[in-house]
Amino acid sequence: MKERKNKNEQNEIIEEKDLPKEEGLIIKATGGFYYVRSGEITYECRARGVFRKHDTSPLVGDKVTISVLPDEKGYIHAIHERKNSLVRPPLANLDQLIMVVSVAEPVPNILVMDKLIAVAEQQGVEPVIVFTKCDLADPKPYSDVYRKAGFRVYEVCSLEHKGTDEVHDMLKGRISAFCGNSGAGKSSLLNDIFPKLSLSTAEISKKLGRGRHTTRHTELFELETGGWVADTPGFSAIEMERVGIIRKTELQYCFREFEPYLLKCRFTGCSHVSEKGCAVLEAVNDGTIPESRHKSYCMMYEEAKQIKEWELDKENV
Ligand SMILES: Nc1nc2c(ncn2[C@@H]2O[C@H](COP(=O)(O)OP(=O)(O)OP(=O)(O)O)[C@@H](O)[C@H]2O)c(=O)[nH]1
Ligand SMILES: [Mg+2]
Ligand SMILES: [Zn+2]
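With the working numbering as the guide, the letters of the sequence shown map in order to residues 963 to 1279.
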């Protein structure tokens, strides 16, 4: 094993176990470095090889113990137990995942939205939906569906500072992450709520000219009102094909509006796709469950049928 020489402030070589330790929060990960906030200091840290051996790597949002080296550097010594974690966006310990969805350009991709929501539900992260660019199109056809399904829904126009105060309030005291398509307006919304952040944003046409994303890495920002919020790089629909795998038997529990009906189907083990006497389908037919949500469920169910057990084991979900 490669010998690691640790030096203290006086440049004396000291043993790893004797290095001072701190606890902190990973707020950013880029170029192999993890930035760990502990009190007022942000330490630039590397992860120890031991994580790779165990097939885990630290995530933004992880609470960690670090060994402190001089010059506000250090390395991550231990990752504390996670409350939850997401593959995309790669984050741990979230209270809520905010889907930022533009109602104009780019237009909403319902299946992708419903996948993200389902994965958040599975991980116990509260999904919240924010429709942006409401100056360009009416959000109502979309917001009605998600309100009816039981989600908190916001409608904003960041450029005109409309509806954004409500989003601000909803972030208070919580750990949240913004996610959604590239160009949906995540950074614009954050800038409107917290002008001090002055994150870069770009027009979609310019994005195409020089690559997809304006935001390049996931970063947690501390809020003056308490709590943290992450901006994340947007994704394209193709990247969203796999946001995490949900077993077909578990999928029904990731659609919260199905819950009142799950025990009322005629057959046990009902897949809620096309069976006779299915209480979920009845609720879809009488308009209680939004049709588009059920359609997403069916598509995800079909996909889940194709998943091999070894893939599920590999992804550890
Ligand atoms: N008309 C209108 N345009 C908006 C609104 N919000 C954002 N935009 C525009 O949408 C474009 C993309 O916004 P960004 O904030 O960079 O989008 P993003 O989601 O952060 O994109 P990535 O960082 O690539 O993931 C910019 O040109 C913004 O000015 C809005 O409420 N109305
Ligand atoms: Mg951005
Ligand atoms: Zn059923």
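Heads up, the beta-carbon is just placed ideally off N, CA and C, and yes, glycines get one too. In this text the structure is predicted, and so the values were computed from the model without any measurement.
- DSSP lists Glu1088, Ser1138 as the beta-bridge partner residues of glutamine 1058.
- Between glycine 1196 and threonine 1177, the gap from beta carbon to beta carbon is short of 8 Å.
- Leu1048 is the residue among Leu1048, Arg1010, Gly1011 whose C-alpha sits nearest the C-alpha of leucine 1021.
- Comparing C-alpha distances from leucine 1225 to each of Val1235, Cys1240, Phe1217, Glu1212 shows the shortest one belongs to Cys1240.
- For the set Lys1267, Gln1084, Glu1212, Lys983, the Cα lying nearest the Cα of threonine 1027 is the one of Lys983.
- Under the criterion of beta carbons closer than 8 Å, leucine 1133 and leucine 1059 do not qualify as touching, at roughly 12 Å.
- Residue pairing from DSSP places alanine 1009 in a beta bridge opposite Ile1038.
- According to the DSSP assignment, tyrosine 1108 belongs to the alpha helix (DSSP H) that extends over 1102-1110.
- Judged by their CB atoms, valine 1062 and serine 1254 are not nearer to each other than the 8 Å cut-off.
- The beta carbons of asparagine 1055 and aspartate 1024 sit closer together than 8 Å.
- If you draw a 10 Å sphere on the C-beta of threonine 1094, you find 16 or more other C-beta atoms in it, and that means buried.
- In this chain, the alpha helix (DSSP H) harbouring glutamate 1212 covers 1210-1213.
- Sequence-distant partners of serine 1000 (beyond 5 residues in either direction) whose C-beta falls short of 8 Å from its own C-beta, in its chain, are Glu984, Glu985, Gly986, Leu987, Ile1028.
- Proximity of the region 1086-1102 to the region 1111-1124 meets the contact definition, three or more beta-carbon pairs being nearer than 8 Å.
- Lysine 1257: member of the alpha helix (DSSP H) spanning 1253-1268, first to last residue.
- By the rule of a C-beta closer than 6 Å to any heavy atom of ligand 3, the residues picked out are Cys1227, Cys1232, His1234, Glu1237, Cys1240, Ala1241, Val1242.
- Cβ contact annotation for cysteine 1119 (same chain, cutoff 6 Å, sequence separation greater than five): Cys1096, Asp1097, in chain order.
- Note: leucine 1053 is bridge-paired with Val1022, Leu1048 in the DSSP secondary-structure output.
- Spatial neighbours of glycine 1036 in its own chain (CB-CB distance under 6 Å, excluding positions within 5 residues in sequence) are listed in chain order as Tyr1005, Cys1007, Ile1028, Ser1029, Val1030.
- Shown here for leucine 1151: same chain residues with a beta carbon closer than 8 Å to its own, the five before and five after excluded, namely Val1062, Val1092, Thr1094, Val1118, Ser1120, Thr1126, Val1129, Phe1140 in chain order.
- Just measuring C-alpha positions, the residue of Phe1183, Asp1131, Lys1238 sitting nearest serine 1160 is Phe1183.
- Of the candidates Val1087, Val1242, Arg1218, Leu1213, the residue whose Cα lies closest to the Cα of cysteine 1227 is Val1242.
- Taking a C-beta distance under 8 Å as the contact criterion, glutamine 1084 and glutamate 1212 qualify as a contact pair.
- Relative to ligand 1, the nearest heavy atom lies less than 7 Å away from the CB of leucine 1098.
- Collapsing the DSSP output to three states places lysine 1238 in coil.
- When the beta-carbon positions are compared, tyrosine 1263 and valine 1235 come within less than 8 Å of each other.
- Annotation for threonine 1163 indicates a beta carbon within 7 Å of some heavy atom of ligand 2.
- A direct Cα-Cα distance of roughly 7 Å separates glutamate 1219 from isoleucine 1251.
- For the pair histidine 1179 and lysine 990, the Cα-to-Cα distance works out to about 8 Å.
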